[in-house]
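To keep things clear, I will list the structure first and then write my remarks on it.
Number of protein chains: 2
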Amino acid sequence: MSFQSDIQALQTVLNSEIPLTRALGVRVEAYDHKTLCLTAPLEENINHKSTAFGGSLYSLAVLSGWGLLYLLLKKHGLAGHIVIQHSEIDYIKPVCSDIYAYCQFDSDKQIERFLTMYQRRGVTRVKLNTSIEQDGEVAVKFCGTYVIHSA
Amino acid sequence: MSFQSDIQALQTVLNSEIPLTRALGVRVEAYDHKTLCLTAPLEENINHKSTAFGGSLYSLAVLSGWGLLYLLLKKHGLAGHIVIQHSEIDYIKPVCSDIYAYCQFDSDKQIERFLTMYQRRGVTRVKLNTSIEQDGEVAVKFCGTYVIHSA
């Protein structure tokens with residue numbers, strides 16, 4: 001099963017709806033229903049210490065959750081607004097190369113619960129975790145609470 | 152007392168050391184030793200709902216804390232690296248106009264404690280709060296923990 005059209009659709013949405021994604025150089029790297037990976041070059045997001053700027057790391061993390069929910073709604077033919085409500089981020093070690101942010105649902109159960117609640121009430125909340133790695137170790141841990149509402 | 156040279160110095164540092172600040176359109180708006188205000192136009196940071204993108208709001212917030220510490224070190228002739236370690240952000244209401252992020256020290260006591268610890272140990276940690284308002288109400292609340300180290 002190919003996810004190429006989903007990847008292309010999300011890339012188009014990100015670039016057209018959030019213009020800053022072009023300055024960040026965000027690219028949709030991989031997707032498989034449960035996990036989304038966004039990437040961005042270090043060059044556009046570098047700071048004075050030749051590592052990735054904390055605001056860029058955060059932006060990629062928050063967009064990876066947004067994108068994962070966007071594609072989930074799309075898969076199920078659902079319309080909805082996805083808004084970030086609260087988040088926490090830990091910077092554990094510097095990122096010295098291109099940024100890869102991985103966001104995934106905890107489990108199939110989380111996806112089912114989300115869809116059931118959303119279809120029943122037209123509004124729900126979901127917590128998603130994103131991680132950014134450096135040399136095989138977690139460099140950034142992000143947890144975002146998103147609200148999804150139909151009107 | 153004029154803070155114009157501090158404002159200019161920080162503007163130069165932000166634009167040269169973190170190139171993304173140019174894409175964000177960050178401008179140092181005001182500073183008075185205890186409070187720093189950074190601003191950015193909505194246009195560069197807009198999303199599909201004609202409000203400010205969450206990643207841009209975060210970036211302005213995290214930079215306002217960084218800038219406040221940068222200028223405090225500068226005032227006291229201290230060198231140091233300022234790194235964000237952890238942060239939390241609450242998006243309370245949408246920001247529909249240019250972004251103004253205000254970061255301030257809690258008290259003179261917090262500043263004194265910070266300087267004492269840093270000069271004694273060469274490394275310390277400080278928690279700073281930033282708020283972004285919309286129509287006179289808090290729209291975004293940010294709390295960042297920064298580590299400052301001398302080597």
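In order, the protein sequence lines correspond to chains L and G. Read left to right, the first sequence gives residues 1 to 151 (the numbering used here). Read left to right, the second sequence gives residues 152 to 302 (the numbering used here). Glycine included, each C-beta is placed from N, C-alpha and C at the ideal position. Quick caveat, the model's predicted, so the values are computed rather than measured.
At a cut-off of 8 Å between beta carbons, Leu171 (chain G) contacts chain L. Rounded to whole angstroms, Lys225 (chain G) and Arg121 (chain L) show a C-alpha spacing of 53 Å. Per DSSP, the continuous alpha helix (DSSP H) segment holding Val62 (chain L) begins and ends at 54-75.
C-alpha of Gly25 (chain L) to C-alpha of Leu211 (chain G): approximately 19 Å in a straight line.
Residues of the stretch 54-67 of chain L whose Cβ lies closer than 9 Å to any Cβ of chain G, in chain order: Gly54, Gly55, Ser56, Tyr58, Ser59, Leu60, Ala61, Val62, Leu63, Trp66. Of G:Lys200, G:Asp257, G:Thr190, G:Ser248, the smallest CA-CA separation from Arg173 (chain G) is found for G:Thr190.
Proximity of Asn196 (chain G) to chain L, defined by a Cβ-Cβ separation below 8 Å, is satisfied. Asn47 (chain L) places its beta carbon less than 8 Å from that of Glu168 (chain G).
Per the C-alpha coordinates, the member of G:Gly205, G:Gln162, G:Leu193 positioned closest to Tyr182 (chain G) is G:Gln162. Beta-bridge partners of Tyr118 (chain L) (DSSP): none assigned. Against chain G, the beta carbon of His86 (chain L) has neighbours under 9 Å at Glu239, Ile240, Asp241, Tyr242, listed in chain order. Residue contact check for Ala23 (chain L) against chain G: a CB pair falls below 8 Å. One Cα belongs to Met268 (chain G), the other to Ala79 (chain L), and the distance between them is close to 53 Å. About 7 Å separates the beta carbon of Leu14 (chain L) from that of Gly67 (chain L), a gap short enough to meet the 8 Å contact definition.
Residue L:Tyr100 holds the alpha-carbon nearest to the alpha-carbon of Ala139 (chain L) among L:Ile111, L:Arg125, L:Tyr100, L:Lys109. Between Ile132 (chain L) and Leu57 (chain L), the CB-CB gap stays under 8 Å. For Ile84 (chain L), the closest alpha carbon among the candidates G:Ile235, G:Lys244, G:Ser238, G:Val234 is that of G:Lys244.
Distances from the CA of Leu171 (chain G) to each of L:Pro41, L:Ile82, L:Cys37 were compared; the closest alpha carbon is that of L:Pro41. Flagged as an interface residue toward chain G: Glu17 (chain L), by a C-beta distance shorter than 8 Å. Spanning the alpha carbons of Ile7 (chain L) and Asp108 (chain L) requires a straight line of approximately 21 Å. Cys103 (chain L) sits close to Leu128 (chain L), with the two beta carbons spaced by under 8 Å. Out of L:Gln119, L:Gly65, L:Ser2, L:Arg27, the CA that lies nearest to the CA of His149 (chain L) is found in L:Gln119. For His48 (chain L), the closest Cβ of chain G is nearer than 8 Å. In the structure shown, Ile243 (chain G) adopts coil according to DSSP, grouped into three states.
The three-state secondary structure of Leu193 (chain G), taken from DSSP, is coil.
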